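Just so you know, the protein sequences line up as chains A and B, in that order. Under my numbering, think of the first position of the first sequence as 20, with each following residue one higher. Under my numbering, think of the first position of the second sequence as 73, with each following residue one higher. C-beta: ideal position from N, C-alpha, C; glycine also. Please read all numbers here as calculations on a predicted model, not as lab measurements.
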Amino acid sequence: MLLVTPEAIDPAALERLLSHPAAGGVVTFSGVVRDHNEGREVLFLEYEAYPEMATSQLQDIHRRLAERWRVERVVMVHRTGRLAIGEVAVFVGVAAAHRAEAFDACRFGIDTIKRELPIWKKEHFVGGEVWVEGCCG
Amino acid sequence: MRFKIRLFAMLREAQGAEHVALDLEEGATIGAVRRAIAEGFPALAVHLPSARFSASCRFVGDDHVPAEGEELALIPPVSGG
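Set out below in structure tokens:
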């Protein structure tokens, strides 16, 4: 499953999608909204996507991941909209025969999402708001 | 040819619009689009050095020649996750 969605992400439900009889290793990563950033007290985050491109970029990242590692199942989901502290913003899960490729492919998935997925977060903190200048312009 | 360039996040807010439009000669490259934005849209110009362009939902370089009607967007540094 590859998805950009305004709906809440449920990591336990997504992990069930990774079940596969040939998969001996399942690695998942959940990116969670935390209550502080660069010394600021964060109130909530707002994620804006270029939805059509984010969907096609997820497909492209999946294609590259599957070319590089032999994986049985991949799930990558990114949330949009307003997220409270503790909510899951992004989920990446990989099921593979062995743990090494599951770890490596999961790491590749989240790292590439952070570099290439056209999604932006605005941090609302005590005293103001700012677009977070992330990565790799 | 007329090009419409979609804007997101800090660029959308800086310009106060969800897109800008440009008239350029046929065969114009993304580099020409970049220069035209730098000259015509001061609110966006400051963000241009760190922004990438997309065409038809793929990142493209300055040598890309967009087709008429192709969807272009200016992509500021992403910050998902």
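By the 10 Å Cβ neighbour count, where 16 or more other Cβ atoms means buried, how is A/G105 classified, buried or exposed? In this structure A/G105 is exposed. Its beta-carbon is surrounded by fewer than 16 other beta-carbon atoms within 10 angstroms.
Residues in the same chain with beta-carbon distance under 6 Å from B/V132, minus the five sequence neighbours each way, listed in chain order, please. Its chain contains I102 and F125 as the residues whose beta carbon lies nearer than 6 Å to that of B/V132, once the 5 sequence neighbours on both sides are disregarded; these appear in chain order.
What did DSSP end up calling A/L22 once you bin it into helix, strand or coil? Correct three-state label for A/L22: strand.
Could you spell out the range, first to last residue, of the beta strand (DSSP E) harbouring A/D123? First-last for A/D123: R118 to E135, but that is the alpha helix (DSSP H), not the beta strand (DSSP E).
Indicate the three-state DSSP secondary structure (helix, strand or coil) for A/I28 in the structure shown. Three-state result, A/I28: coil.
Cβ shell of A/E86 (< 6 Å), same chain only, five flanking positions each side left out: Closer than 6 Å at Cβ, skipping near neighbours: no residue.
In chain order, what residues of the same chain have a beta carbon less than 6 Å from the beta carbon of A/E135, not counting five sequence neighbours either side? Here A/E135 has Q76 as same chain residues with Cβ atoms under 6 Å from its own Cβ, once five neighbours each way along the sequence are excluded.
Residue ranges of each beta strand (DSSP E) within the segment 41-77 of chain A, 3 or longer: Runs found: 44-51 and 59-68.
Quick one: complete beta strand (DSSP E) runs, 3+ long, within the segment 108-140 of chain B? As summarised for the segment 108-140 of chain B, the continuous beta strand (DSSP E) elements at least 3 residues long and confined to that stretch are 124-127 and 130-132, given in chain order.
Does DSSP put A/H81 in a helix, a strand or coil? Look at A/H81 here: in three-state DSSP terms it is helix.
Skipping 5 residues on each side, what residues in its chain have a beta carbon closer than 6 Å to that of A/V45? Closer than 6 Å at Cβ, skipping near neighbours: L37 and A114.
Per-residue DSSP class, three states only, for A/G156: Model confidence at A/G156 stands at a pLDDT of 39, short of 50, so the residue's coordinates are unreliable and nothing is read from them.
Compare the beta carbon distance of A/R82 and A/T131 with 9 Å and say whether it is the shorter of the two. Going by C-beta atoms, A/R82 is not nearer than 9 Å to A/T131.
Reduced DSSP secondary structure (H/G/I, E/B, other) of B/V105: Look at B/V105 here: in three-state DSSP terms it is helix.
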